[in-house]
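One structure is given here, and the rest of the page talks about it.
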Amino acid sequence: SLVDHSSRSPLACGPTHRRRSRRSSSRPLVACTAQRPRRSISRARPEDAAEQINSWVNKSTRQTITSLLPDGLVDQNTGLVLGSALYFKGRWLDKTDIGKTAEQKFYCLDGTHVLVPFVEYDRTRLFAAHDGFKVIKLPYKQGNNERKFSMYIFLPDAHDGLFELTKKIFSEPAFLEQHLPTEKRHVGIGVPKFTISFQIDMKDFLKDMTLELPFRRDADFKDMVKEGDSKEPLFLSDVLHKVILEVNDDEIEETSVEKSIGKPLPTEHFAADHPFFFLIREEVSATVIFMGHVLDPSSQY
502 SLVDHSSRSP LACGPTHRRR SRRSSSRPLV ACTAQRPRRS ISRARPEDAA EQINSWVNKS
562 TRQTITSLLP DGLVDQNTGL VLGSALYFKG RWLDKTDIGK TAEQKFYCLD GTHVLVPFVE
622 YDRTRLFAAH DGFKVIKLPY KQGNNERKFS MYIFLPDAHD GLFELTKKIF SEPAFLEQHL
682 PTEKRHVGIG VPKFTISFQI DMKDFLKDMT LELPFRRDAD FKDMVKEGDS KEPLFLSDVL
742 HKVILEVNDD EIEETSVEKS IGKPLPTEHF AADHPFFFLI REEVSATVIF MGHVLDPSSQ
802 Y
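Going by my numbering, the letters in the sequence shown line up with residues 502 to 802, in that order.
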């Protein structure tokens, strides 16, 4: 798994394939992480193979993703299954960034509100106020490598303004880059705790994009396995992807918070108390690795 001391981002990926052997009727499955170690496991009983794979995913992601393969997915006709599971929980840049945590109202799109824990503090951060929305950059602590992660929150001014904002984001290719904050401001920040879990079977999605050949029996992925492991063409049966993103302050010590006496008051305010869009970006490569929106932080998506 890929583990960073600041951004907890275990990654587990594993292809499963079948093999016909003269000596055995069982077919092996292969599991791998990003470093590509492989191991074969017998799946004469498909349900046992799926259970072993889910157990491996659970262990590789530190018990944050307990399963990847749903019941009944792997059977005797399964060709190749590609699966990936990613859990991200970053640590904020400074321990002193986190202030008090208290329940506050979060206003939903339907006009109702829910009470959810908010993390509140004030800091000098990259901040921008645009026409109809605000953007703030919340950096994560850097680990023992060159990767630098940050969360950007795009908050519409109107409580029901998320739809119009996301329409601009996805209709204008350069919108995100053009509206990232570039100037520092002393900001009073309020962000709700939330957890988002997302799982998708990519098979139908990829087929809709005309990527059909990999899922046909005339596809040939035999180069992915050792010579002789597969006596027939190897094709894709399914492509699975699961992500869990967690935002809270569980790993921050409350006693380390700076006292507010004598500190200057914030000149800007950023209260994410209604639906907002967010992204997580790796700054060195300028790569967006997560993108989504929060409609109701009281629910785990």
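Idealized CB from N, CA, C, for every residue including glycine.
Task: Beta-carbon proximity of Leu735 to Phe722, cut-off 7 Å - done: Within the sequence shown, the letter at position 234 stands for residue 735. Within the sequence shown, the letter at position 221 stands for residue 722. The answer is yes: Cβ separation under 7 Å.
Open item on the list: Let's see if you can read the secondary structure: which residues bound the alpha helix (DSSP H) around Gln679?
Closed with: Walking along the sequence shown from the start, residue 679 turns up at place 178. Gln679 -> alpha helix (DSSP H) spans 676–679.
TODO: Measure the C-alpha to C-alpha separation of Arg624 and Gln700 and round it to an integer number of angstroms.
DONE: Translated into the one-based positions of the sequence shown, residue 624 becomes position 123. Translated into the one-based positions of the sequence shown, residue 700 becomes position 199. Spanning the two alpha carbons is a distance of roughly 35 Å.
- [ ] Report yes or no: do three or more beta-carbon pairs, one from the stretch 628–635 and one from the stretch 693–708, lie closer than 8 Å?
- [x] no
Open item on the list: Nearest by alpha-carbon distance to Asp719: which of Leu737, Asn749, Ser672 is it?
Closed with: As a position in the sequence shown, residue 719 is number 218, starting the count at 1. Asp719 has its Cα closest to that of Leu737, out of Leu737, Asn749, Ser672.
Task: Environment of Ser672 [buried if 16+ CB atoms lie within 10 Å] - done: The residue given as residue 672 occupies position 171 in the sequence shown. Exposed, since its Cβ has fewer than 16 Cβ neighbours within 10 Å.
- [ ] Specify, as a first and last residue, the run of the beta strand (DSSP E) that Lys708 falls within.
- [x] Position 207 of the sequence shown, counted from the start, is the residue given in the question as residue 708. From DSSP, Lys708 is part of no beta strand (DSSP E) but of the alpha helix (DSSP H) over 704–709.
Open item on the list: Pull the bridge partners of Met652 from the DSSP assignment, please.
Closed with: To locate residue 652, count along the sequence shown from 1; it is residue 151. Answer is Leu639, Ile781.
Task: Reduced DSSP category for Ala586 - H, G, I as helix; E, B as strand; rest coil - done: Position 85 of the sequence shown holds residue 586. Strand.
TODO: Tell me, to the nearest whole angstrom, how far the beta carbon of Phe664 is from that of Pro798; I am working on the premise that it is less than 8 Å.
DONE: Here residue 664 refers to the residue found at position 163 when the sequence shown is read from its first residue. Here residue 798 refers to the residue found at position 297 when the sequence shown is read from its first residue. Contact flag wrong, Cβ pair sits at about 18 Å.
Open item on the list: For Val795 and Glu783, I'd like the C-alpha separation in whole angstroms.
Closed with: Sequence index remark: in the sequence shown, residue 795 carries index 294 (1-based). Sequence index remark: in the sequence shown, residue 783 carries index 282 (1-based). Roughly 20 Å between the two C-alpha positions.
Task: Straight-line Cα distance separating Lys743 from Ala603 - done: On the sequence shown, residue 603 is found 102 positions in, with the first residue counted as 1. On the sequence shown, residue 743 is found 242 positions in, with the first residue counted as 1. Using only the alpha carbons, I get a separation of about 31 Å.
- [ ] Would you mind working out which of Leu581, Asn555, Phe589 sits nearest Ile697, comparing C-alpha positions?
- [x] Numbered from 1 along the sequence shown, position 196 holds the residue referred to as residue 697. Comparing Cα positions, the closest option is Phe589.
Open item on the list: With three or more beta-carbon pairs closer than 8 Å as the criterion, would you say the stretch 764–771 touches the stretch 608–615?
Closed with: no
Open item on the list: Would Phe779 and Ile654 qualify as a contact pair, given that the criterion is a beta-carbon distance under 7 Å?
Closed with: Within the sequence shown, numbered from 1, the residue matching residue 779 stands at position 278. Within the sequence shown, numbered from 1, the residue matching residue 654 stands at position 153. Against a cut-off of 7 Å, the Cβ pair of Ile654 and Phe779 comes out as a contact.
- [ ] Please name the residue, chosen from His775, Ser800, Arg563, Thr788, that lies closest to Asp661 on a Cα-to-Cα basis.
- [x] As a first step, residue 661 is located in the sequence shown; it is residue number 160 there, counting from the start. When each option's Cα is compared against that of Asp661, the closest is His775.
Open item on the list: Can you tell me whether Ser556 is buried or exposed? The criterion is at least 16 other CB atoms within 10 Å of its CB, across all chains shown.
Closed with: For the purposes of this step, residue 556 is identified with residue 55 of the sequence shown, where counting begins at 1. Under this definition Ser556 is an exposed residue.
Open item on the list: If you follow the beta strand (DSSP E) that Lys685 is in, where does it begin and where does it stop?
Closed with: For this step, residue 685 is matched to residue 184 along the sequence shown. Per DSSP, Lys685 belongs to the beta strand (DSSP E) from 685–693.
Open item on the list: What does the Cβ neighbour count give for Arg592, buried or exposed, with the cut at 16 atoms within 10 Å?
Closed with: In the sequence shown, the residue the question calls residue 592 occupies position 91. Flag for Arg592 reads buried.
TODO: Taking only the alpha-carbon atoms, compute the straight-line gap between Asp668 and Phe650 and give it to the nearest angstrom.
DONE: Position 167 of the sequence shown, counted from the start, is the residue given in the question as residue 668. Position 149 of the sequence shown, counted from the start, is the residue given in the question as residue 650. For clarity, residue 668 is Lys in the given sequence; the question names Asp instead. Rounded to whole angstroms, Lys668 to Phe650 spans 25 Å at the Cα level.
Open item on the list: With distance defined between alpha-carbon atoms, name the residue in Ser585, Thr711, Gly793, Gln643 nearest to Thr567.
Closed with: Here residue 567 refers to the residue found at position 66 when the sequence shown is read from its first residue. Measuring from the Cα of Thr567, the nearest candidate turns out to be Ser585.
Task: Nearest neighbour of Gln577, chosen from Asn559, Val558, Ala550, Pro715 [CA to CA] - done: Within the sequence shown, the letter at position 76 stands for residue 577. Nearest option by C-alpha distance: Ala550.
- [ ] Might you give, ordered along the chain, the residues of its own chain that have their beta carbon closer than 7 Å to the beta carbon of Phe716, omitting 5 neighbours on each side?
- [x] Within the sequence shown, numbered from 1, the residue matching residue 716 stands at position 215. Lys704, Lys708, Phe736, Leu737.
Task: Beta-carbon contacts of Lys685 that lie in its chain and below 8 Å, excluding the five residues immediately before and after - done: Taking the first residue of the sequence shown as position 1, residue 685 is located at position 184. Result list for Lys685: Thr625, Arg626, Leu627, Phe628, in chain order.
Open item on the list: Can you tell me whether Leu796 sits near the ligand FMN, meaning its C-beta is under 6 Å from at least one heavy atom of the ligand?
Closed with: Among the ligands in the structure shown, none appear at all, so the ligand FMN cannot be discussed.
Task: Neighbour-count burial assignment, Pro674, 16 or more Cβ in a 10 Å radius - done: Within the sequence shown, numbered from 1, the residue matching residue 674 stands at position 173. Counting Cβ neighbours within 10 Å, Pro674 comes out exposed, since fewer than 16 surround it.
Task: Boundaries of the alpha helix (DSSP H) in which Glu552 is found, first to last residue - done: Here residue 552 refers to the residue found at position 51 when the sequence shown is read from its first residue. Residues 547–561.
Task: Counterpart residues of Val748 in DSSP-defined beta bridges - done: Position 247 of the sequence shown, counted from the start, is the residue given in the question as residue 748. Answer by DSSP bridge pairing, in chain order: Phe695.
Task: Through-space distance from Thr579 to Leu488, alpha-carbon basis - done: Limits of the chain in this structure are 502 at one end and 802 at the other, which puts residue 488 out of reach.
TODO: Can you give me the Cβ contacts of Phe791 inside the same chain, cut-off strictly under 7 Å, excluding the 5 residues immediately before and after it?
DONE: Indexing the sequence shown from 1 puts residue 791 at position 290. Result list for Phe791: Phe589, Leu746, Leu780, Ile781, in chain order.
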